[in-house]
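Student: These protein sequence lines map, in sequence, to chains A and B.
The first sequence begins at -13 in the working numbering and counts up by one.
The second sequence begins at 1277 in the working numbering and counts up by one.
Positions of the beta carbon are idealized from the N, C-alpha and C atoms, including for glycine.
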Amino acid sequence: MQIYRAHVLVCAGTGCTSSGSTVLFEEFEKQLKDAGIENEVKMVKTGCFGLCAEGPIVVVYPEGAMYCRVTKEDVAEIVSEHLVKGRIVNRLLEGAGEVQKEEAAAEQSHFFKKQMRIALRNCGHINPENIDEYIAEDGYEALGKVITEMTPEQVIDVMLKSGLRGRGGAGFPTGRKWDFARKSPSDKKYVCCNADEGDPGAFMDRSVLEGDPHVVLEAMAIAGYAIGSDQGYIYVRAEYPIAVKRLQIAIEQARAYGLLGKNILGTDFSFDIELRLGAGAFVCGEETALMTSIEGHRGEPRPRPPFPAVKGLFQKPTILNNVETYANVPRIILNGADWFAGIGSERSKGTKVFAVGGKIKNTGLVEIPMGTTLREVVYDIGGGIPNGKKFKAAQTGGPSGGCIPASLIDTPIEYDTLIEIGSMMGSGGLIVMDEDTCMVDIAKFFLTFTVEESCGKCPPCRIGTKRMLDILTKITKGQGTLSDIDDLYALADAIKSSALCGLGQTAPNPVLSTLRYFKDEYIAHVVDKKCPAGVCKDLMRYTIVADKCKGCSLCARNCPVNCIQGEIKKPFVIDQDKCIKCGTCMDKCKFGAIVKE
Amino acid sequence: MKSLEELRALKEKTKAQMNLRNEQNGLRVVVGMATCGIAAGARPVMNTFVEEIAKRQLNNVKVTMTGCIGLCKLEPIVEVIDPSGDKVTYVKMDAQKAARVVAEHLVNGKIVSEYTIKAEENS
């Protein structure tokens, strides 16, 4: 057995791979060899640490020193200083400069202090392509316990008592879903995993699949045992190539160890899993459309009931859970329902992973106990808003969700409180917006997404969302009237009550919630023909203040469309018909003579 | 894999290899690995610690490195720190001495007084 005195973990998640971690890995191997210590230091490719904004991330154990934004040139220094001489390279540590050596451990940083990792516990800790490391962290122990010591009813009972609710968005109690499927009589049942993560800005599921693929396999096998199924399907987006590859490796390894397949661990229980790749349709994240797609048909939803637990995939009882939901299951089995129910708040148990993005310092992945306030996520973990700007709102739940305004920043993040204030938990995308964000524009952005992704099967979604988008576009162009706002409400009501699937029914939410908290901005667009945040181009104009203009012609020389005219040493004028509102003139003017209004 | 026992055996085996990455409250062995330490022979000392500790499956002992503490003439220097922070400093170490420290101090809790800095100062 090879013994190593240090482990170097290089993040190989999508975020860090795109910022260059593959090159780092090779460089480390080369430098270690040059230093003659390649047999003393173990190199590990691991999953997402969560601090994607600071990537590529490298963690060196046993110190647990977390190096951020590592470049190829830094590798030699880490090897010669840290790995050869044992001196931590302070300048590369997270938040470099202020950090003392004792604080070098990743767990001690602000970013991690308020987090609690259950679903992400192995991400950034184990090598996702090595089943042995997963097993060393209690992997497949829960499956072993379930199939040798527990009855299916006991498993479902634990899930019910734990209070685990679906992490995909709607928050349906997982135990109850399993219970329905267990009680549906059938010769064949299916366990499905929804890994078709499609909300703009969300990447929680991808990170779990990339960092800890076995946890999903193990949980699906547990679910299979609980409901009486021997076949599972993971429906994963083809746009997640790293996740797909790691899942394939994980499935092969689990089969080779006999942890998937016939007679698992010498018992009568058999279970196998296959992958199905999604072709990029957002609607296939909806459960009935997802199953239709697995069956090989065009991915379109169908009315419910019958619910999948009664008639799902291939008309057989089926359960479909989200990746993050599954990631909680083995821990609940091992630590017990009471342990899990003791985390979080009254009606929302456990933790939730959020992909935090937008106008925030620490873009990345955070896992917090339910009931943590939005303020803690934005300021304590997220590090606040960059460039000293003011927090305006946060958007959760993607195109089905809504926004949380600054006045409600102390709201605890729970399923029910978020619904009360007109947003929703959603799958976990959390987009932070600052004062420069126009809320009408945001509503338009999400609606554009829904219109593009509408499958077209039902008219309320196909036609209704398009009509709403037309109205929003009209408003942002300064052609809106007050009756347009009433029409938005009317259309939203109609779509909500008549669309076929969850995506259509929730599509008006971004508009409704921005109308609820930022109606004044809509009024400003419609009545005053102004965009308060200065985003909607048709509603703003750049003008030159004649008193301040020295006639230097700098603006005119930099204007890309040559729409500024004038004589030297006399005030210049912008031709509003030709102006494309790029703002170059304002940036260039040395006298502050150009204003945006 | 045909039984839960096989799974658990594999788990224990891999766990030992991963110990480095887990938080623990056991003993810490800190080897001075600055230029002075390395020149005086700290590398074989460090390797001996790592190997002996692995051989004896001392899962609660962590071997780390540190820089120069300023007593270059006494290098290689090794400090053994217990969970409460109490420290024993061994000086002028070599591989044989390291093996003895593992056997007596780390396993049996008996300080090898003749290798400590105190013994060196008194001599």
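Name the DSSP beta bridge partners of MET29 (chain A), please?
Tutor: Position 43 of the first sequence, counted from the start, is the residue given in the question as residue 29 (chain A). Bridge partners of MET29 (chain A): A:VAL(-6).
Student: For a test of the three-state rule: what should DSSP assign to VAL315 (chain A), helix, strand or coil?
Tutor: In the first sequence, counting from the first residue as 1, residue 315 (chain A) sits at position 329. VAL315 (chain A): helix per DSSP, three-state reduction.
Student: Where does GLU59 (chain A) sit, in a helix, a strand or coil, going by DSSP?
Tutor: As a working mapping, residue 59 (chain A) is identified with position 73 in the first sequence. Residue state, collapsed to three classes: helix.
Student: Are three or more beta carbon pairs between the region 304 to 321 of chain A and the region 92 to 111 of chain A nearer than 8 Å?
Tutor: Yes: at least three Cβ pairs fall under 8 Å.
Student: Once the 5 residues before and after ILE1345 (chain B) are set aside, which same chain residues still bring their CB inside 7 Å of it?
Tutor: In the second sequence, counting from the first residue as 1, residue 1345 (chain B) sits at position 69. Result list for ILE1345 (chain B): GLY1308, ILE1353, in chain order.
Student: If contact means a Cβ-Cβ distance below 8 Å, which residues of the region 114 to 127 of chain A contact chain B?
Tutor: Within the region 114 to 127 of chain A, the qualifying residues are ASP118, GLU119, ILE121, ALA122, GLU123, ASP124, GLY125, TYR126, GLU127.
Student: Going by DSSP in three states, GLU286 (chain A) sits in which element: helix, strand or coil?
Tutor: Position 300 of the first sequence, counted from the start, is the residue given in the question as residue 286 (chain A). GLU286 (chain A) falls in the coil class under three-state DSSP.
Student: Under 7 Å between beta-carbons, which chain A residues line up against LYS1338 (chain B)? List them in chain order, please.
Tutor: As a first step, residue 1338 (chain B) is located in the second sequence; it is residue number 62 there, counting from the start. PRO48, listed in chain order.
Student: Quick one: complete beta strand (DSSP E) runs, 3+ long, within the region 141 to 211 of chain A?
Tutor: Taking only runs of at least 3 residues, the beta strand (DSSP E) segments lying wholly in the region 141 to 211 of chain A are 176 to 181.
Student: For GLU84 (chain A), does the three-state DSSP call read helix, strand or coil?
Tutor: Mapped onto the first sequence, residue 84 (chain A) falls at position 98. Only weak support is given to the placement of GLU84 (chain A): the predicted model assigns it a pLDDT of 40, under 50, and the value that follows is read from those uncertain coordinates. Residue state, collapsed to three classes: coil.
Student: Cα-Cα, which of B:GLU1390, B:VAL1377, B:GLN1333, B:GLU1396 is closest to MET1322 (chain B)?
Tutor: The residue labelled residue 1322 (chain B) in the question sits at position 46 within the second sequence. Looking at the Cα atoms, B:VAL1377 is the closest of the given residues.
Student: Classify ASN116 (chain A) as helix, strand or coil using the three-state DSSP reduction.
Tutor: In the first sequence, counting from the first residue as 1, residue 116 (chain A) sits at position 130. Correct three-state label for ASN116 (chain A): coil.
Student: Nearest CA to the CA of ILE305 (chain A): which residue from A:CYS549, A:VAL177, A:ALA542, A:GLN234?
Tutor: The sequence position of residue 305 (chain A) within the first sequence is 319, counting from 1. Ranking the options by Cα distance to ILE305 (chain A), first place goes to A:VAL177.
Student: In its own chain, which residues sit with a C-beta less than 8 Å from the C-beta of THR253 (chain A), not counting the 5 before and 5 after it?
Tutor: The sequence position of residue 253 (chain A) within the first sequence is 267, counting from 1. These residues qualify, in order along the chain: ILE133, THR134.
Student: Please compile the residues from chain A whose C-beta is within a distance smaller than 9 Å of the C-beta of MET1369 (chain B).
Tutor: Within the second sequence, residue 1369 (chain B) is the residue found at index 93, counting from 1. Those within 9 Å of MET1369 (chain B) in chain A number zero; the least Cβ separation is about 15 Å.
Student: Would you decide whether ARG77 (chain A) is buried or exposed? Buried here means 16 or more other CB atoms lie within 10 Å of its CB.
Tutor: Translated into the one-based positions of the first sequence, residue 77 (chain A) becomes position 91. It is exposed - the Cβ of ARG77 (chain A) has fewer than 16 other Cβ atoms within 10 Å.
Student: Using a C-beta cutoff of 9 Å, does ASN1335 (chain B) count as contacting chain A?
Tutor: Within the second sequence, residue 1335 (chain B) is the residue found at index 59, counting from 1. Not closer than 9 Å to any Cβ of chain A, the Cβ of ASN1335 (chain B) fails to qualify, so no.
Student: Tell me which same chain residues have a C-beta within less than 8 Å of the C-beta of PRO546 (chain A), skipping the five on either side of it?
Tutor: Numbered from its first residue, the first sequence carries residue 546 (chain A) at position 560. Only ILE566, CYS568, THR570 meet the Cβ criterion.
Student: Starting from PHE98 (chain A), trace the alpha helix (DSSP H) both ways and give me its first and last residue.
Tutor: Translated into positions along the first sequence, residue 98 (chain A) becomes position 112. From DSSP, the alpha helix (DSSP H) with PHE98 (chain A) extends over 96 to 99.
Student: Using CA atoms only, rank isn't needed, just tell me which of B:GLY1385, B:VAL1306, B:ASP1362 is closest to MET1369 (chain B).
Tutor: The residue you call residue 1369 (chain B) lines up with position 93 of the second sequence. Ranking the options by Cα distance to MET1369 (chain B), first place goes to B:VAL1306.
Student: Relative to the alpha-carbon of CYS538 (chain A), which residue among A:VAL559, A:ARG223, A:GLY520 has its alpha-carbon at the smallest distance?
Tutor: Position 552 of the first sequence, counted from the first residue, corresponds to residue 538 (chain A). The residue with the shortest Cα to Cα distance from CYS538 (chain A) is A:VAL559.
Student: Can you give me the Cβ contacts of ILE220 (chain A) inside the same chain, cut-off strictly under 8 Å, excluding the 5 residues immediately before and after it?
Tutor: Reading the first sequence from its first residue, position 234 is the one you call residue 220 (chain A). Counting only Cβ-Cβ distances below 8 Å, and skipping sequence neighbours, we find CYS178, CYS179, ALA181, VAL202, MET206, LEU233, ILE259, GLU260, LEU261, ARG262.
Student: When the Cα of MET356 (chain A) is compared with those of A:LEU69, A:LYS375, A:GLU196, A:LYS100, which residue comes out closest?
Tutor: Numbered from 1 along the first sequence, position 370 holds the residue referred to as residue 356 (chain A). Nearest option by C-alpha distance: A:LYS100.
Student: Looking at the secondary structure, which residues open and close the alpha helix (DSSP H) in which ASN544 (chain A) lies?
Tutor: The residue labelled residue 544 (chain A) in the question sits at position 558 within the first sequence. First-last of the alpha helix (DSSP H) with ASN544 (chain A): 540 to 544.
Student: Can you tell which of B:LEU1303, B:TYR1366, B:GLU1282, B:LEU1347 has its C-alpha closest to the C-alpha of ILE1357 (chain B)?
Tutor: Stepping through the second sequence from its first residue, residue 1357 (chain B) is reached at position 81. Here the closest residue by C-alpha is B:LEU1303.
Student: Consider the Cβ of HIS511 (chain A): report whether some Cβ of chain B lies at a distance smaller than 9 Å.
Tutor: Within the first sequence, the letter at position 525 stands for residue 511 (chain A). Not one chain B Cβ lies under 9 Å of HIS511 (chain A).
Student: Applying a beta-carbon distance threshold of less than 8 Å, which residues of chain A neighbour GLY1343 (chain B)?
Tutor: As a position in the second sequence, residue 1343 (chain B) is number 67, starting the count at 1. Result: LYS71, GLY72, ARG73.
Student: Output yes or no for whether 9 Å exceeds the beta carbon distance between GLU40 (chain A) and ARG55 (chain A).
Tutor: Taking the first sequence and counting its residues from 1, one reaches residue 40 (chain A) at position 54. Taking the first sequence and counting its residues from 1, one reaches residue 55 (chain A) at position 69. Cβ atoms of GLU40 (chain A) and ARG55 (chain A): closer than 9 Å.
Student: I'd like to check one pair, ALA579 (chain A) with CYS535 (chain A): are the Cβ atoms closer than 9 Å?
Tutor: Position 549 of the first sequence holds residue 535 (chain A). Position 593 of the first sequence holds residue 579 (chain A). It is a contact, given that the beta carbons lie within the stated cut-off.
Student: Assign GLY110 (chain A) to buried or exposed, taking buried as 16 or more other Cβ atoms, counted over all protein chains shown, within 10 Å of its Cβ.
Tutor: For the purposes of this step, residue 110 (chain A) is identified with residue 124 of the first sequence, where counting begins at 1. Counting Cβ neighbours within 10 Å, GLY110 (chain A) comes out buried, since at least 16 surround it.
Student: Excluding the 5 residues preceding and the 5 following ASP533 (chain A) in the sequence, name in chain order all residues of the same chain whose CB lies nearer than 6 Å to its CB.
Tutor: On the first sequence, position 547 is the one that residue 533 (chain A) refers to. Closer than 6 Å at Cβ, skipping near neighbours: no residue.
Student: Using three-state DSSP, classify LEU585 (chain A) as helix, strand or coil.
Tutor: With chain A running from -13 to 583 in the structure shown, residue 585 (chain A) is simply not present.
Student: Going by DSSP in three states, ARG73 (chain A) sits in which element: helix, strand or coil?
Tutor: As a working note, residue 73 (chain A) is residue 87 in the first sequence. Three-state DSSP puts ARG73 (chain A) in coil, outside helix and strand.
Student: Checking the sheet assignment: what are the DSSP bridge partners for CYS389 (chain A)?
Tutor: As a working note, residue 389 (chain A) is residue 403 in the first sequence. DSSP output for CYS389 (chain A) lists A:GLN381 as bridge partner(s).
Student: Pull up the DSSP beta-bridge partners for ARG1304 (chain B), would you.
Tutor: Looking up residue 1304 (chain B) in the second sequence gives position 28. In DSSP, ARG1304 (chain B) forms a bridge with B:LYS1338, B:ILE1357.
Student: Determine, using beta carbons only, whether ASP588 (chain A) and THR397 (chain A) come nearer to each other than 9 Å.
Tutor: Outside the shown range of chain A, which is -13 to 583, sits residue 588 (chain A), and nothing can be said about it.
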